[in-house]
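**Q** Numbering of the sequence shown is given in the numbering used here, commencing with residue 177 and proceeding in unit increments.
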Amino acid sequence: MTKVIITGSKGRMGKALLACAPNHREIEVVGQIDQGDDLAAIVGRCDVVIDFSSHNATAGIAELCAGHGKAMVIGTTGHGAAEQSQIANFKSRIPMVWASNFSTGVNTLFWLTRKAAEILGPGYDLEVVEMHHRLKKDAPSGTAKSLAEILADVRQQQLKRVARHGREGLVGERTPEEIGIHAIRGGDVVGDHTVIFATPGERVELTHKASSRETFANGAFRAALWVVKQQPGLYDMQDVLGLKYPRRSKGSP
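#1: Does SER425 come out as helix, strand or coil in the three-state DSSP assignment?
#2: Roughly how many whole angstroms lie between the Cα atoms of ALA233 and LEU288?
#3: Taking contact to mean at least 3 C-beta pairs separated by less than 8 Å, is the stretch 321 to 338 in contact with the stretch 291 to 311?
#4: Once you ignore the five residues that flank ASN277 on each side, which residues in its own chain have a CB closer than 6 Å to its CB?
#5: Hey, how far is the Cα of ALA359 from the Cα of GLU344?
#6: Please classify ASN394: is it buried, with 16 or more other beta-carbons within 10 angstroms of its beta-carbon, or exposed?
#7: For a test of the three-state rule: what should DSSP assign to ASP223, helix, strand or coil?
#8: So, with DSSP's three-state summary, where would you put ALA233?
#9: Assuming GLY251 and ALA396 are in contact, meaning their beta carbons sit under 8 Å apart, how far apart are those beta carbons, in whole angstroms?
#10: Identify the continuous beta strand (DSSP E) that holds VAL273 and give its terminal residues.
#11: Kindly indicate which residue of GLN334, VAL282, PRO271 and ILE218 has the alpha-carbon position closest to the one of PRO408.
#12: Using DSSP's beta-bridge definition, name the partner residues of PHE373.
#13: Only counting runs of 4 or more residues, tell me where the alpha helix (DSSP H) segments fall wholly within the stretch 281 to 344, in order along the chain.
#14: Which of the three DSSP states is assigned to ILE193 in this structure?
#15: With a threshold of 16 other CB atoms inside 10 Å of the CB of GLY256, please say whether the residue is buried or exposed.
#16: Can the beta-carbon of ILE209 be found closer than 8 Å to that of SER185?
#17: Three Cβ pairs or more, each shorter than 8 Å: is that satisfied between the stretch 283 to 298 and the stretch 332 to 342?
#18: Within the same chain, show all residues whose beta-carbon is closer than 7 Å to that of GLY220, passing over the 5 residues directly before and after it, in chain order.
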């Protein structure tokens, strides 16, 4: 049995993990932590912590896990550059799977997006569109950021320089270099992501739609079972699923 503590247990993903846990015979949830609870008091009971808390809590959780030699699965999104750097510092001490999305389908979308960008080349305009429920706090989604980072990586661009978050007013013609990123919020949408490759005469669209958080919960448990067998390092779901693909750039998910 792999013993798991869930942080952010009262959130939407935390609840999904607890609901799915009985379906995984190799998993035993030995702790549920949310705001105000003391992880330090029970972290010694587990093999791995699955974190779906908040962006400003992850670094502290990672530090605690590193101090106790516990593996970590990070699904929390919305981290700033400084927070990402803090968390990544612990990769030399514990194994961590850090992913913007734990769905097998979305990680297949990541792979297909890279492949399509390489095949279609620079003559296509690139746009990423995502939609989530009205309660989501960060925008764009971590998955949309990952998709945009893949596109920028293929074109050997810095995403910060070419990203265009929505358009309003007299913005002029679209430049060939820019990557559009658009966030839509409403209702109870679990998560829709579309990557658009558009050129005069044709358009290619790659889309993934999630109808249940179960797919993310099952992926996170799959990552937990995998990461406890790994050496210290920073991994993502591409590693867990064996979707190896050469990467030009390094960094946090």
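Each residue gets a CB set at the ideal place from its N, CA and C atoms; glycine is no exception.
**A** The structure says:
#1: In this predicted model, SER425 has a pLDDT of only 44, less than 50, meaning its place in the structure is not dependable; the value taken from the coordinates is given anyway. It is coil, neither helix nor strand.
#2: Each residue's Cα considered, the two are about 32 Å apart.
#3: A contact is defined here as three or more CB-CB pairs under 8 Å, and the stretch 321 to 338 meets this definition with respect to the stretch 291 to 311.
#4: Excluding positions up to five away in sequence, the list reads THR319.
#5: When rounded, the distance between both Cα atoms is 14 Å.
#6: The residue in question, ASN394, is buried, as its Cβ has 16 or more Cβ neighbours within 10 Å.
#7: Look at ASP223 here: in three-state DSSP terms it is coil, with no helix or strand label.
#8: In the three-state scheme derived from DSSP, where H, G and I count as helix and E and B as strand, ALA233 is classed as coil.
#9: By a beta-carbon distance limit of 8 Å, GLY251 contacts ALA396. Their separation comes to about 6 Å.
#10: 271 to 274 is the extent of the beta strand (DSSP E) around VAL273.
#11: Shortest Cα-Cα distance from PRO408 to any of GLN334, VAL282, PRO271 and ILE218 involves PRO271.
#12: Its beta-bridge partners are LEU302 and VAL380.
#13: Positions of the alpha helix (DSSP H) runs, each at least 4 residues long and wholly inside the stretch 281 to 344, are given as 318 to 330 and 335 to 338 in order along the chain.
#14: A small fix is needed here, since residue 193 is Leu in this sequence, not Ile. In the structure shown, LEU193 sits in a helix (DSSP, three-state: H, G or I).
#15: A residue is called buried when at least 16 other Cβ atoms come within 10 angstroms of its Cβ; GLY256 does not meet this threshold and is exposed.
#16: In this structure, SER185 lies closer than 8 Å to ILE209 by Cβ.
#17: Contact between the stretch 283 to 298 and the stretch 332 to 342 is absent, because fewer than three Cβ pairs lie under 8 Å.
#18: If we look at GLY220 and ignore the five residues flanking it on each side, its Cβ neighbours are HIS244.
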